[in-house]
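What follows is a single structure, written as structure tokens, with notes after it.
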Amino acid sequence: MASASDDGTVQLWDAVTGRKAYSYSGHNGGVTAISWSPDGTRLASGSLDETVQVWNAIT
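Each step along the sequence shown adds one to the number in the working numbering, with nothing skipped, and position 31 is 32.
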């Protein structure tokens, strides 16, 4: 599971325990959109800083 934040980060969560598994930072504005790749290996995020980041979701 993933969530986006106003602080410019994207968090991955363990769906079983509810604990944060990983946090990605790289945006200079709040993250307003996130989307998984079809194979679940990447996560794209869009921000108010008008950038898109693609993250490797395999941790």
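C-beta: ideal position from N, C-alpha, C; glycine also.
It should be emphasised that the depicted structure is a prediction, and the values quoted were computed from it without experimental measurement.
| Check | Outcome |
| --- | --- |
| Contacting residues, own chain, Cβ-Cβ under 6 Å from Ser36 (five flanking each side not counted) | Ala45 |
| Of the residues Ala22, Gly19, Ser26, Asp15, the one placed nearest Gln54, counting alpha carbons only | Ser26 |
| For Arg20, the first and last residue of its enclosing beta strand (DSSP E) | Looking at the DSSP string, Arg20 is not in any beta strand (DSSP E), and its letter there is neither H nor E. |
| Proximity test, Trp14 beta-carbon vs the ligand PLP heavy atom, cut-off 6 Å | The ligand PLP is not part of the structure shown, which contains no ligands of any sort. |
| Spatial neighbours of Gln12 in its chain, beta-carbon cut-off 6 Å, leaving aside the 5 residues before and after | Ser4, Lys21, Ser24 |
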